[in-house]
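Enquirer:
Residue numbers (full-length UniProt numbering): 1 to 134.
#1: Is it a yes or a no for the stretch 106-119 touching the stretch 57-64, going by three-plus beta-carbon pairs under 8 Å?
#2: Whole angstroms is fine: what's the gap from residue 32's alpha carbon to residue 39's?
#3: Using CA coordinates, which residue listed in 50, 131, 112 is at the minimum distance from residue 88?
#4: Less than 8 Å between the C-beta atoms of residue 47 and residue 116, yes or no?
#5: Within its chain, find whatever has a CB closer than 7 Å to the CB of residue 8; leave out the 5 residues flanking it on each side and keep chain order.
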């Protein structure tokens with residue numbers, strides 16, 4: 001399995017590298033992710049914080065809740081990462097900003113209690129009403 005992955009925002013002002021396999025991947029259905037991304041869900045890969053490195057640029061930060069800070073490009077608005085104090089050793093990265101997002105298929109759905117009722121995505125995957133943080 002590939003261990004180094006790169007990605008970035010649409011305009012190229014921000015670039016990052018992940019030095020870890022992409023193994024913890026979830027479709028998030030929460031309303032905060034919808035509003036932050038402008039999409040109907042956000043797919044995240046959770047990686048060890050020490051495995052994530054900004055290669056170019058400095059992201060803008062937004063505290064979207066008491067425990068979560070989201071990082072995005074101040075130029076193009078792309079939402080790239082999320083840090084939660086509930087899991088301080090990890091960082092969530094938006095799969096859509098990876099250079100090769102096809103290598104990161106989701107393994108579960110989280111926050112399905114907030115899922116839009118008309119949305120069906122990967123119905124064979126396990127579902128969590130909230131996110132279970134190890």
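We put the beta carbon where it would ideally sit given N, CA and C, even for glycine.
Expert: The relevant details are as follows:
#1: no
#2: Answer to the nearest angstrom: the Cα atoms are 11 Å apart.
#3: If you compare the alpha carbons of 50, 131, 112 with that of residue 88, the shortest gap goes to 50.
#4: no
#5: 14, 15, 16, 97
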